[in-house]
Each structure stands twice: as structure tokens, then as C-alpha cells.
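Enquirer: My questions all concern the structure below.
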């Protein structure tokens, strides 16, 4: 059973249970982007559908997401691996900072739930 379905089965659920699933997906997207920063040193990630989906999700949650997504696309095309890495790292950091409150709230809530066990 996937996480979204598990949370949907909670009888007293509501909007908070949907938010948990969204925040978990957002955290997974940011992990993929963080991984891509390193992966791009050895691989050409242009056109990677998983990476594009992660970028779309993260950019959609950021107030300046469209601008950062556009910069990400340009950075992927940078032929110099070191410059490409530095620019993608800068953009991933900017994305994380812009959506950090959601990720931090999710992680704090997850830690509270783990203490209850």
C-alpha cells in the first residue's frame, strides 16, 4: 500500500493527511535534485524524466520556482563539469531554502510521530 493510500485510510484524517503525502513527495524531489548535483559530474542528465518531474514538483512549491527551473535547465547544459556542479548546487540550495519551512515542518512532525512509538 502506498503512503498516500495509507494516509487516506486514516478515519480522522483530513487536510493534514494530504499535506503529509505532499510534503513527503516534495522531500523526495529535493533528494533527487541533490543527488543530481553530484550525478551530473559523470552523467548528462538533460532529458531525464525522473529529474524533470522532481524539478517541476520542487519549483511548483517555490515562489520563484519558474525562474529557478529555467536556471536549472541552463546549468545542465553547461559543458564545464565543475561550473555545472556549482550552479546546480546553488540552485538546489535556493530551492531548498524557499520551500524549507514545509520540509522542516514535515521532518519535525515525523520526529514527533517516531517519539510516540
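Numbering (the working numbering), first residue to last: 1065 to 1181.
By construction, the Cβ of each residue, glycine as well, lies at the ideal position given by its N, Cα and C atoms.
Computed from a predicted model, the values in this text were never measured in an experiment.
Do the CB positions of residue 1090 and residue 1163 come within less than 9 angstroms of each other?
Expert: Cβ atoms of residue 1090 and residue 1163: closer than 9 angstroms.
Enquirer: Count the other CB atoms within 10 Å of the CB of residue 1107; is the residue buried (16 or more) or exposed (fewer)?
Expert: Classification of residue 1107: exposed, given that the 10 Å Cβ count is below 16.
Enquirer: Say the cut is 8 angstroms; is the CB of residue 1142 nearer than that to a heavy atom of the ligand FMN?
Expert: Because no ligand of any kind appears in the structure shown, any question about the ligand FMN cannot be addressed here.
Enquirer: Helix, strand or coil for residue 1179, going by three-state DSSP, please let me know.
Expert: In this prediction, residue 1179 has a pLDDT of 43, which is less than 50 and means its spatial position is unreliable; nothing more can be read from the coordinates.
Enquirer: Could you name the residues of the same chain whose beta carbon sits closer than 8 angstroms to that of residue 1159, not counting the 5 residues immediately before and after it, in chain order?
Expert: Excluding positions up to five away in sequence, the list reads 1094, 1097, 1122, 1123, 1126, 1129, 1132.
Enquirer: Could you check what DSSP says for residue 1157 in three-state terms: helix, strand or coil?
Expert: Three-state DSSP puts residue 1157 in a helix.
Enquirer: Counting along the chain, where does the alpha helix (DSSP H) carrying residue 1110 start and finish?
Expert: Segment: none, residue 1110 is in no alpha helix (DSSP H) and carries neither H nor E.
Enquirer: Quick check: what's the CA-CA separation for residue 1147 versus residue 1120?
Expert: Cα-Cα distance, rounded: 23 angstroms.
Enquirer: Grouping DSSP H, G and I as helix and E and B as strand, with all else coil, what is residue 1141?
Expert: Three-state DSSP puts residue 1141 in coil, outside helix and strand.
Enquirer: Note down, in chain order, each residue of its chain lying with its Cβ closer than 6 angstroms to the Cβ of residue 1156, except the 5 sequence neighbours on either side.
Expert: Cβ within range, chain order: 1097, 1098, 1101.
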